[in-house]
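Each residue of the sequence shown is one higher than the last, beginning at 1 in UniProt numbering. Beta carbons: idealized from backbone N, C-alpha and C, even for Gly. The structure displayed is predicted, hence computed values, not measured ones.
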Amino acid sequence: MSQYTPPLQDMQFVLNELADLHEIAALPGYGEATPDLARAVLEEAGVFASEVIAPLNHSGDIEGVRLEGGAPRMPAGWAQAYARFVEAGWPALSAPEEQGGQNLPGVLAAAVEEMWNSGSVAFGLLSLLSRGAVNVLRHAGSPELQQRYLPRMVSGEWTGTMVLTEPQAGSDLSAVRTRATRAADGSYRLHGTKIFITYGDHDLVPNVVHLVLARVEGAPAGTKGISLFAVPKVLVNEDGSLGEHNDVRAVSIERKLGLHATPTCVMAFGDGAGAVGYLVGEENRGLEYMFIMMNSARFAVGLEGIGLAERAYQKARAYARERVQGVEQGGETSAKVAIIRHPDVRRMLLSMKSRIEAMRALAAVMAASMDQAALNQDPEVRDAHQAFVELMMPVAKGWFTETGLDIASMGIQVHGGVGFIEETGAAQYLRDARITTIYEGTTGIQAMDLVGRKIGRDGGRAIGAVIVRMRQVQADLESHAHAELRAIGAQLNKGIGDLEAAVESLVKSWEGGPKPALAGSGPFLELLGIVAAGWQMGRAALAADRLLASDPGSDFLTYKILTCRFYGDHVLSKSAGLRHAIVSGSGATLEFSDAAF
């Protein structure tokens, strides 16, 4: 098994040159987020990811989670690793100080989270869900709930879940049937079955706090009648000690294609008198509160796509360097060479590398905008950053994960036949990546949201503001003295033009009815992802060229420009075909009868 090497140099470049960490450090409470501190945090996280988490990835996949005596048991080594994770303070990295956190910027936490996912996405999922539950309780929980649960959830001593899905209610949450009845003491009793609950139960911590969607008796039908409840696995006494086990249990653990080391549970609430739950916020506003968690989770799942892609790339690169096969076409000798010398293998590796760096850059810029939207003192600046985040969130969830899945598949292709054999480890990344395009809202749902709410109903205003920023970078590239940068600018110009044409077509189409626009929503999600990431690669090329003036011998900066050029030639160049599919491709989709499929 190849070792995971955290891409620290690229992460630091992205934070300092693209995400403008110095501007984030100027926000209230983030004054300590200097480049030196960021470097130290990344280095320590890299050591933990590579030396503690990554070694568990393959063994956890082989051993999996098992149900013993009605309780899930995690694979060997996971309890010790998670205890070290908590002891080192990693769960509290970006939480506020008043709740026991370290109050570091989200943009830095996002880079760290990528490394957890590269180490083992099954491991990273636990803190992802807990952090989302913490955010919901911070924003909507009563002071009593916050005092009772937040300190130990922030520290990682307890974990949290998101409990939405039921057998008849997947993406359509209006079909939720789990019911909640009011109790005399002000709490509620929940009865219902939930499925696909990630880390619904496990033996890493003594308590799990479930955030559960349910209907209070007499509530309106549909999504307007859904409330949110905090339902602990173990009830908490007034003095903070753990009391009786709640009426909650894991019925079974799903057998899955991937993520074998993650306990995905069928959960029963209320086999007996009912699971004790505490209302979060107000009745019938549960879906509104849950979207706090879902939006953060969607970005975090996008980071899973990047982390998995990075690990798949590193494994493929290592194999290509060591696997000797065939002679080099056009070479001077007939000696056998490593397959990295073959042009098509190099193309595949650069396709993987360039897209990973493009996604990492766009993710960091999005995370920086989240920090700005939360803390900037200027309301107009906050609103502008929030609009950008909302526009790009479907891209982070949809395009990052679809790209990560493709990169994991390409990693197997680089390996050839041995990549199809489980012992090499390449196949696990593909299996683990497959679910990322589905959970927290499928790619199709993300595309519908993007085209419907962010383009059609908005009339293209939010994306128009982003295109203005893209054009500024494109102009800087095309007027540059460096031929490589001018070439990148020319390709970016074409990509932006295709994006503009697609937006114009979708806005006009939406006015006449949503179906034609939605028929092109998938290709549009991909187009926006490709062009937005190309915009960031353009910025990266400009920054690398500027830094080369003071560090002319830097291989990293030299090859950063070449990577950006490759992205323009091989990825951005796909924009014309996507534009055609969006503008002209809806006819056959809509005219096909159901019976003809």
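At the level of alpha carbons, what is the spacing between Asp-383 and Glu-390? Taking the sequence shown and counting its residues from 1, the one referred to as residue 383 is at position 383. Taking the sequence shown and counting its residues from 1, the one referred to as residue 390 is at position 390. Taking the straight line from one Cα to the other gives about 10 Å.
Which of the three DSSP states is assigned to Glu-283 in this structure? Indexing the sequence shown from 1 puts residue 283 at position 283. Note: Glu-283 maps to coil in three-state DSSP.
Note down, in chain order, each residue of its chain lying with its Cβ closer than 6 Å to the Cβ of Ala-95, except the 5 sequence neighbours on either side. Sequence index remark: in the sequence shown, residue 95 carries index 95 (1-based). Answer for Ala-95: Gly-101, Val-154, listed in chain order.
Looking at the unbroken alpha helix (DSSP H) that takes in Ala-576, where does it start and where does it end? The residue labelled residue 576 in the question sits at position 576 within the sequence shown. Residues 575–584.
Among the residues of its own chain, which have a CB less than 6 Å from the CB of Glu-114, if the five just before and after it don't count? One-based indexing of the sequence shown puts residue 114 at position 114. So the list reads Leu-303, Ile-306, Gly-307, once near-sequence residues are dropped.
Can you confirm whether the region 277–289 touches the region 135–155 when touching is taken to mean that 3 or more C-beta pairs between the two stretches lie within less than 8 Å? Taking one beta carbon from each stretch, the region 135–155 and the region 277–289 have 3 or more pairs nearer than 8 Å; the two touch.
State the Cα-Cα distance for the pair Leu-572 and Val-381, rounded to the nearest angstrom. Here residue 572 corresponds to residue number 572 of the sequence shown, with the count starting at 1. Here residue 381 corresponds to residue number 381 of the sequence shown, with the count starting at 1. When rounded, the distance between both Cα atoms is 29 Å.
Comparing C-alpha positions only, which one of Ser-118, Val-395, Val-86 sits nearest to Pro-151? By 1-based counting over the sequence shown, the position of residue 151 is 151. Checked all of Ser-118, Val-395, Val-86; the closest Cα to Pro-151 is Val-86.
On the three-state DSSP scale, how would you describe Arg-461? Indexing the sequence shown from 1 puts residue 461 at position 461. Helix at Arg-461.
Buried versus exposed call for Arg-131 [16 or more other C-beta atoms within 10 Å across all chains shown]: Along the sequence shown, one-based indexing puts residue 131 at 131. With 16 or more Cβ atoms within 10 Å of its Cβ, Arg-131 is classed as buried.
Given that a residue counts as buried once 16 or more other Cβ atoms are within 10 Å of its Cβ, and exposed if not, what is Thr-333? Within the sequence shown, the letter at position 333 stands for residue 333. Exposed.
Please go through the region 470–521 and give each complete beta strand (DSSP E) segment of 3 or more residues, from N-terminal end onward. List check, beta strand (DSSP E) in window: nothing returned.
Taking all protein chains shown into account, do 16 or more other C-beta atoms lie within 10 angstroms of the C-beta of Phe-420, making it buried, or fewer, making it exposed? Position 420 of the sequence shown holds residue 420. Answer is exposed; the Cβ neighbour count stays below 16.
Would you grab the beta carbon distance between Ile-582 and Leu-527 for me? Rounded to a whole angstrom, and I think it's under 8 Å. Reading the sequence shown from its first residue, position 582 is the one you call residue 582. Reading the sequence shown from its first residue, position 527 is the one you call residue 527. Indeed they touch by this definition, with Cβ atoms about 7 Å apart.
If distances are taken between C-alpha atoms only, which option among Leu-542, Asp-569, Val-466, Ser-505 comes closest to Gly-585? The residue labelled residue 585 in the question sits at position 585 within the sequence shown. The shortest C-alpha separation from Gly-585 is found at Ser-505.
For Glu-244 and Pro-206, I'd like the C-alpha separation in whole angstroms. Stepping through the sequence shown from its first residue, residue 244 is reached at position 244. Stepping through the sequence shown from its first residue, residue 206 is reached at position 206. Approximately 12 Å between the Cα atoms of the pair.
How far does the alpha helix (DSSP H) with Met-393 in it extend, from its first residue to its last? Walking along the sequence shown from the start, residue 393 turns up at place 393. First-last of the alpha helix (DSSP H) with Met-393: 379–394.
Who are Met-162's beta bridge partners in DSSP? Position 162 of the sequence shown, counting from 1, holds the residue named residue 162. Met-162 pairs with Leu-211.
Helix, strand or coil, according to DSSP, for Lys-315 in the structure here? In the sequence shown, counting from the first residue as 1, residue 315 sits at position 315. Three-state result, Lys-315: helix.
Could you give the distance in angstroms between the alpha-carbon of Asn-295 and the alpha-carbon of Gly-326? Position 295 of the sequence shown, counted from the start, is the residue given in the question as residue 295. Position 326 of the sequence shown, counted from the start, is the residue given in the question as residue 326. Rounded to whole angstroms, Asn-295 to Gly-326 spans 49 Å at the Cα level.
State the Cα-Cα distance for the pair Pro-379 and Arg-457, rounded to the nearest angstrom. In the sequence shown, counting from the first residue as 1, residue 379 sits at position 379. In the sequence shown, counting from the first residue as 1, residue 457 sits at position 457. The straight-line gap from Cα to Cα measures roughly 23 Å.
DSSP state of Leu-259, grouped into three classes? The residue you call residue 259 lines up with position 259 of the sequence shown. Leu-259 falls in the coil class under three-state DSSP.
Does Glu-44 come out as helix, strand or coil in the three-state DSSP assignment? Numbered from its first residue, the sequence shown carries residue 44 at position 44. Glu-44 falls in the helix class under three-state DSSP.
In the DSSP assignment, what are the bridge partners of Val-414? What you label residue 414 is simply residue 414 of the sequence shown in a count that begins at 1. Looking at the DSSP assignment, Val-414 forms no beta bridge with any residue, so it has no partner.
Could you spell out where the alpha helix (DSSP H) holding Ile-561 opens and where it closes? Within the sequence shown, residue 561 is the residue found at index 561, counting from 1. Run containing Ile-561: 555–570, per the alpha helix (DSSP H) assignment.
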